[in-house]
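These notes concern the structure reproduced below.
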């Protein structure tokens, strides 16, 4: 029987035990980081946490920030700023592409005029 994609479990590759092993953080620490809003793993319908490669990358960044002596509140702020910067960069890239397209269209339309 085919599964209904509308009720499929959220994507996620690793259980908390595997993520703990891969990241070097205990399961309790991973739960704490979730409480602080540092990571947001997907959840199955049953509520089980599922971590993906992006979560592991973020945990690596958290490790770096801890090594730099930054506390959890500071880490949260750094991650928020990095996330915001990434969004702004994506938006900037998209807007530059849109602008270039409109300039080409404007040039083309201007050349067509008698």
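In UniProt numbering, the protein residues as written are 1 to 114. Each residue gets a CB set at the ideal place from its N, CA and C atoms; glycine is no exception.
Quiz item: Under the three-state reduction of DSSP, which class applies to residue 45: helix, strand or coil?
Solution: The sequence position of residue 45 within the chain shown is 45, counting from 1. In this structure, residue 45 counts as coil in the three-state DSSP scheme.
Quiz item: Cβ of residue 50 within 8 Å of Cβ of residue 100?
Solution: On the chain shown, position 50 is the one that residue 50 refers to. On the chain shown, position 100 is the one that residue 100 refers to. No, they are not a contact pair.
Quiz item: For residue 39, which of 75, 103, 71 has the nearest alpha-carbon?
Solution: Residue 39 sits at position 39 when you count from the first residue of the chain shown. When each option's Cα is compared against that of residue 39, the closest is 75.
Exercise. State the beta-bridge partners of residue 50 as determined by DSSP.
Key: Walking along the chain shown from the start, residue 50 turns up at place 50. Answer by DSSP bridge pairing, in chain order: 42.
Quiz item: What distance in whole Å lies between the Cβ atoms of residue 72 and residue 36, which are believed to be in contact at a cut-off of 8 Å?
Solution: Within the chain shown, numbered from 1, the residue matching residue 36 stands at position 36. Within the chain shown, numbered from 1, the residue matching residue 72 stands at position 72. About 5 Å; that satisfies the 8 Å criterion.
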